[in-house]
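Residue numbers for the sequence shown follow the numbering used here, beginning at 1486 and rising by one. All C-beta atoms, glycine included, are put in the ideal place defined by N, C-alpha and C. Since the model is a prediction, treat every value here as computed from it, not as a measurement. Quick notes on the structure that follows.
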Amino acid sequence: MPKREALTIGELSRRTGIPVKTLRFYSDEGLLPPARRSHANYRLYDEAQIVRVELVRTLREAGVDLATIRKVLARNLSLEEALRLRLAAVEAHVASLSRVAAALRAALRAEPTEKDLRRLWTVTRLSNEERKAVITRFYDQVADGVPVDGEWMRGMIEASTPKLPDDATPAQLEAWIELAEILADPTFIANMRVMAAVTWNEGIDQAALLRAQSEAIAAAREARGRGVDPHSAEALVIAERFVRATAAACGRELDDAFEEQLRKTQDPRTLRYWELVSAMTGEPLSPAYEDGRWLGAAVARFLEH
């Protein structure tokens, strides 16, 4: 059998394109032991070690650490296992960078302070359970002192607590940041408390209120299907009928005080809330959402008069 050609470290460098200094480092770290030594004690390598060098270079370029490469070469760890470990690390890093980018984009929407950035960074890092706690705290604040139905509230919390994946997209992260800011806004909380008080007041005719809402949504759906503008005269008729029916169900006169109360329940962020939940879950909004948005625009227009 012919003797394998011996390669000096310089020749190995020329064959692989890897600097001699790097090859010496690999050799000193035990990743590239020489096949033998010359009489002058120079390191000599053979053709088979070119493949080994290429493997080491590929793994290093993929970001695999030296200790893991050493295990692969010693057959203590399969190449597949090493690559899976590296992939998991890369994906975790990418997810972390996405969270940083989302926080930075949110901060740059206005003139940011260090406090703003710390808050936004904290919000992006919350786990699914911690996100649920934020939403639960919001509903607890809205329901404080109001006889809200417990089962309804639990359903709302579950429906609006999307479980973000570890590799959430920038759009999902930005939607969560905006949602968290809405939930923490004292004005929004106050307006939702007004809505809860109107909806769950024991003196309200709940059947009549539900009927008024159902009839208004049905009318909005029909008008929207015909392309009627929510600011049109026809839409104002639908809105006025709904507002008067709501006032009657609440045992109230349609006066300035009731209209002011109703304005607070028409906070546009209630619709934005569900848009953001949809962006986080990737699930489309229901057709009823569009009907509600149309009706909300019509009511807001009516209340301007």
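Residue i classed as buried or exposed, judged by whether at least 16 other C-beta atoms fall within 10 angstroms
i: residue 1497; result: buried
i: residue 1781; result: buried
i: residue 1527; result: exposed
i: residue 1715; result: buried
i: residue 1536; result: exposed
i: residue 1634; result: exposed
i: residue 1752; result: buried
i: residue 1487; result: Because residue 1487 sits at a pLDDT of 45, beneath the cut-off of 50, its placement in the model cannot be relied upon, and the point is left open.
i: residue 1692; result: exposed
i: residue 1505; result: exposed
i: residue 1659; result: buried
i: residue 1610; result: exposed
i: residue 1588; result: buried
i: residue 1594; result: exposed
i: residue 1787; result: buried
i: residue 1764; result: buried
i: residue 1783; result: buried
i: residue 1579; result: exposed
Whole-angstrom distance between residue j and residue i, CA atom to CA atom
i: residue 1574; j: residue 1774; result: 40 angstroms
i: residue 1704; j: residue 1723; result: 7 angstroms
i: residue 1623; j: residue 1646; result: 12 angstroms
i: residue 1736; j: residue 1617; result: 36 angstroms
i: residue 1661; j: residue 1721; result: 34 angstroms
i: residue 1429; j: residue 1713; result: Absent from the structure is residue 1429, since the part of the chain shown begins at 1486 and ends at 1790.
i: residue 1771; j: residue 1664; result: 19 angstroms
i: residue 1759; j: residue 1655; result: 18 angstroms
i: residue 1640; j: residue 1614; result: 16 angstroms
i: residue 1717; j: residue 1612; result: 45 angstroms
Test item: CB-CB of residue i and residue j under 8 angstroms
i: residue 1539; j: residue 1493; result: no
i: residue 1553; j: residue 1533; result: no
i: residue 1739; j: residue 1754; result: no
i: residue 1690; j: residue 1732; result: no
i: residue 1667; j: residue 1626; result: no
i: residue 1866; j: residue 1696; result: An answer regarding residue 1866 cannot be provided, because it is not within the stretch 1486 to 1790 covered by the chain.
i: residue 1529; j: residue 1520; result: yes
Selected residue, minimal CA-CA separation from residue i, among the options
i: residue 1679; options: 1729, 1749, 1738 and 1687; result: 1749
i: residue 1643; options: 1734, 1762 and 1683; result: 1762
i: residue 1548; options: 1557, 1665, 1571 and 1560; result: 1571
i: residue 1789; options: 1555, 1745 and 1507; result: 1745
i: residue 1652; options: 1599, 1585 and 1717; result: 1585
i: residue 1583; options: 1671, 1596, 1682 and 1649; result: 1649
i: residue 1630; options: 1546, 1686 and 1597; result: 1686
i: residue 1515; options: 1702, 1551 and 1525; result: 1551
i: residue 1657; options: 1524, 1520, 1510 and 1768; result: 1768
i: residue 1747; options: 1495, 1785 and 1522; result: 1785
i: residue 1756; options: 1503, 1677, 1546 and 1742; result: 1677
### Query
Along the chain, which unbroken stretches of the beta strand (DSSP E) at least 3 residues long are found entirely within the stretch 1496-1564?
1528-1530
### Query
In the stretch 1717-1770, which residue ranges form an unbroken alpha helix (DSSP H) of at least 4 residues, counting only runs that do not cross its ends?
1718-1734, 1741-1750 and 1754-1766
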